[in-house]
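As structure tokens, the structure follows; a few thoughts come after it.
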Amino acid sequence: MVGFCSRKNNIIEQWSSLLNLGHEQISKERDIHRKQLLRLGLPEPKQSIWKYTPLDRLIDKKFVLPTSSQLGCDFINKEAFTIDAVRLVFIDGWFVPEFSDDQYDAFSIKISQEFGQKEDCSPIISDFFLHLTESLARQVIFIHLESGIIARRPLYLLHISSGSASNTVSTSHYRHHFQQDDRSEATVIEHYISLDKSSHFTGSRLTVSVGNGAKFTHYNFSFEGKKSYHISHNDLKIGCASEVCSHSFLLGAGLTRHQTSAQLNGERSNLIMNSLMIPVGQEVCESRTFLEHHAGYCQSSQIHKTIVCDCARAVFNGIMHVLKGANKTKGYIINRNMLLGSFAEVDTQPHLEIYHDDVQCGHGATIGDIDKEKVFYLQSRGIDEASAHRMIMYAFISELTTMISNDLLKEALIHRIMKRFSGGVL
């Protein structure tokens, strides 16, 4: 036990030293986050919310800041989504203007080395890795959309993380804040990919403040390589009479843990939070949601689906709090899981805490494999067994993929899903 504690302290000291290396002078805000992560300490498996996250994979690693990567336009053009959008490219935590658009349409973009903002970016749910990202992010990107403005093109945030030598792990962190004012409309796309097959650690946090009467759509695509570690946080704070959708597609990394937290702070707002996980090989993929209904007459719906292949493991944890003032709330959490390997595992925990009587809320979870009767039916119609399996799997996930309105984005997602089923991943 003493040795384990010593190894935990070593990794925390490594990350703390990276903060000193990355900044000549540590700001007050960064120092606050560093003190918080030192106070919290690296989570242990005995803590229920970290029970299934194999953090022991990180313990004996040597973490370093990434070296400057030589990257050409060919890689960007090959890996980026070919969509009509305002594109901002980030490599190893840095904004790269030469690969990004120089015109931002209706969006106002400010790039800062420090947290000088007045916006409310306090965490809805705090944890060790959130404070790690806040302390180590090299830049902070502030995005603003003014009242009454409809952004005709989505904002596309492409994050490229490079690996390092076999005995080290490059560490990159990304930090964005989006302030969306009243009666505006916007779509934001987060896309995470690996530059190569080497090991790297990606931390990210996006905070969004959605004004009254606004419409916000968010997509998170995590497509990193199988030797990478990806831990990310999205925080959504929503005003009244707003329409918000957040879709996460976690289709990469050897270890993924993604947290989406939301607060419905005004009446008559609607929120959709969905996720799709397809871990393969020995990957561990974890999706967590935390939702607070603070105001009445709001609706929320969550659909989370998982296909677990080979010896992989998936974890879902969804918590919904309905507070005393949130009368007439309607909300549900649904988790559907499909196991495709003899040693595939899934752990699911949808959870409700309701402190008001006048609500309509529910949750449910299912776990199973491919229905043999459906396979038999398709084979009886002349379809071979492998094709029948693929058809059933695509039908299982179609409820989520059909929610993507952009056809090119949907095509890119389906292509990534096909690569995972065929084993063609990094």
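Using this note's numbering, the first residue of the sequence shown is number 996, and each one after it goes up by one.
Cβ atoms here follow ideal geometry from the backbone N, Cα and C, with glycine treated the same way.
Considering residue i, what are the terminal residues of the beta strand (DSSP E) in which it resides?
{"i": "N1072", "result": "Run containing N1072: none in the beta strand (DSSP E); it sits in the alpha helix (DSSP H), 1068-1074."}
{"i": "I1104", "result": "1103-1107"}
{"i": "E1129", "result": "Run containing E1129: none in the beta strand (DSSP E); it sits in the alpha helix (DSSP H), 1123-1131."}
{"i": "L1153", "result": "1150-1156"}
{"i": "I1144", "result": "Per DSSP, I1144 belongs to no beta strand (DSSP E) and is neither H nor E."}
{"i": "L1318", "result": "No beta strand (DSSP E) holds L1318; DSSP gives it neither H nor E."}
{"i": "Y1099", "result": "Looking at the DSSP string, Y1099 is not in any beta strand (DSSP E), and its letter there is neither H nor E."}
How is residue i classed by DSSP in three states: helix, strand or coil?
{"i": "P1092", "result": "helix"}
{"i": "V997", "result": "No answer about V997 holds up, because its pLDDT of 46 lies below 50 and its placement is not dependable."}
{"i": "M1398", "result": "coil"}
{"i": "S1382", "result": "helix"}
{"i": "E1238", "result": "strand"}
{"i": "D1176", "result": "coil"}
{"i": "L1408", "result": "helix"}
{"i": "R1029", "result": "helix"}
{"i": "E1287", "result": "strand"}
{"i": "R1034", "result": "helix"}
{"i": "F1416", "result": "helix"}
{"i": "Y1389", "result": "helix"}
{"i": "I1021", "result": "coil"}
{"i": "E1219", "result": "coil"}
{"i": "I1086", "result": "strand"}
{"i": "L1271", "result": "strand"}
{"i": "I1120", "result": "coil"}
{"i": "L1053", "result": "helix"}
{"i": "Q1009", "result": "helix"}
{"i": "L1016", "result": "helix"}
{"i": "N1004", "result": "helix"}
{"i": "L1403", "result": "helix"}
To which residues does DSSP link residue i through a beta bridge?
{"i": "R1252", "result": "I1226, E1281"}
{"i": "Y1169", "result": "S1199"}
{"i": "F1137", "result": "K1105, H1172"}
{"i": "C1306", "result": "Paired residues: none, contrary to the question."}
{"i": "T1361", "result": "R1331"}
In the DSSP assignment, find the unbroken alpha helix (DSSP H) run with residue i in it and report its ends.
{"i": "V1370", "result": "1367-1375"}
{"i": "D1342", "result": "Segment 1340-1349 is the beta strand (DSSP E) holding D1342; no alpha helix (DSSP H) there."}
Measuring alpha carbon to alpha carbon, tell me which of the options ends up nearest residue i.
{"i": "I1188", "options": "L1286, N1322, I1086, L1231", "result": "I1086"}
{"i": "F1311", "options": "S1270, S1295, G1276, G1291", "result": "S1270"}
{"i": "F1371", "options": "T1163, T1361, S1382, I1362", "result": "S1382"}
{"i": "P1267", "options": "Q1009, I1138, L1246, I1233", "result": "Looking at the sequence itself, residue 1267 is Ile, so the reference to Pro does not match. It is I1233."}
{"i": "T1361", "options": "E1380, I1329, H1289", "result": "I1329"}
{"i": "G1261", "options": "Q1277, N1322, P1274", "result": "N1322"}
{"i": "G1313", "options": "D1342, D1069, M1333, M1413", "result": "D1342"}
{"i": "R1411", "options": "G1158, E1219, G1206", "result": "E1219"}
{"i": "T1284", "options": "S1159, Q1344, L1140, Y1099", "result": "Q1344"}
{"i": "M1272", "options": "H1242, R1025, S1012", "result": "H1242"}
{"i": "Q1009", "options": "P1040, L1060, Q1031, P1274", "result": "L1060"}
- Taking one C-beta from the segment 1117-1130 and one from the segment 1178-1186 each time, how about it: are there three or more such pairs within less than 8 Å? no
- Between the segment 1157-1173 and the segment 1135-1144, are three or more C-beta pairs nearer than 8 Å? yes
- Are at least three pairs of beta-carbons, each pair with one atom in the segment 1337-1357 and one in the segment 1379-1399, less than 8 Å apart? no
- Flag this pair as touching only if the segment 1388-1397 and the segment 1057-1075 have three or more C-beta atom pairs under 8 Å; answer yes or no. no
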